[in-house]
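Asker:
Residue numbers (the UniProt record's numbering): 1 to 115.
1. I'd like the span of the alpha helix (DSSP H) that includes residue 58, first residue to last.
2. Helix, strand or coil, according to DSSP, for residue 23 in the structure here?
3. Drop a sphere of 10 angstroms on the beta-carbon of residue 11, count the other beta-carbons inside from all chains shown, and report buried for 16 or more, exposed for fewer.
4. Quick one: give me the first and last residue of the beta strand (DSSP E) that residue 5 is part of.
5. Closest to residue 5 by CA distance: which of 24, 31, 37 and 53 is it?
6. I'd like to know if residue 47 contacts chain E, where contact means its C-beta is closer than 8 angstroms to some C-beta of that chain.
7. If you compare alpha carbons, which of 82, 80 and 61 is closest to residue 69?
8. Under 8 angstroms between the Cβ atoms of residue 75 and residue 47?
9. Please classify residue 45: is it buried, with 16 or more other beta-carbons within 10 angstroms of its beta-carbon, or exposed?
10. Can you find the residues in the same chain that come closer than 8 angstroms, C-beta to C-beta, to residue 29, ignoring five residues on each side of it along the sequence?
11. Going by the beta-carbon positions, is the gap between residue 56 and residue 1 smaller than 8 angstroms?
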């Protein structure tokens, strides 16, 4: 079972979170997510355990105070894939040759482009 844990105090380390969950059984993995640039905790993480032990941990630890903050603990939902953004100027609005800026036609009494 993959468990989502949020509202984690920024000073909490992976091993501390693992110790907390290990009271309910074997922890397969434990990771607090950090900012890629600063390395600082983002205040949430994931814990993996067996389904039965994980369910017990979720029920016992959701709303429990840990390191000065009240944890939110739930079963993790599958991550939704978001479409990647394209920065190709020829797709979508913008400065490319399809729509967007620079393609205003009409709008004045000379009948051509405003520009």
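From the three backbone atoms N, C-alpha and C, an ideal C-beta is built for every residue, glycine too. As the structure is a prediction and not an experimental result, all values here were calculated from the model.
Answerer: According to the structure data:
1. Position 58 of the chain shown holds residue 58. Counting along the chain, the alpha helix (DSSP H) containing residue 58 begins and ends at 51-61.
2. Start at 1 with the first residue of the chain shown, and residue 23 comes out as number 23. Helix, per DSSP.
3. As a working note, residue 11 is residue 11 in the chain shown. With fewer than 16 other Cβ atoms within 10 Å, it is exposed.
4. Stepping through the chain shown from its first residue, residue 5 is reached at position 5. Taken as a continuous stretch (DSSP letters only), the beta strand (DSSP E) holding residue 5 covers 2-6.
5. Here the question's residue 5 lines up with position 5 in the chain shown. Comparing Cα-Cα distances from residue 5 to each of 24, 31, 37 and 53, the minimum goes to 31.
6. In the structure shown, chain E cannot be found, because there is only a single protein chain.
7. Taking the first residue of the chain shown as position 1, residue 69 is located at position 69. Checking every option, the nearest Cα to that of residue 69 belongs to 61.
8. Counting from one through the chain shown, the residue named residue 75 turns up at place 75. Counting from one through the chain shown, the residue named residue 47 turns up at place 47. Going by C-beta atoms, residue 75 is not nearer than 8 angstroms to residue 47.
9. Here residue 45 corresponds to residue number 45 of the chain shown, with the count starting at 1. With 16 or more Cβ atoms within 10 Å of its Cβ, residue 45 is classed as buried.
10. Residue numbering aside, residue 29 sits at position 29 when the chain shown is read from its first letter. The residues are 46, 47 and 48.
11. If you number the chain shown from 1, residue 56 lands on position 56. If you number the chain shown from 1, residue 1 lands on position 1. Result no, Cβ atoms of residue 56 and residue 1 do not sit closer than 8 angstroms.
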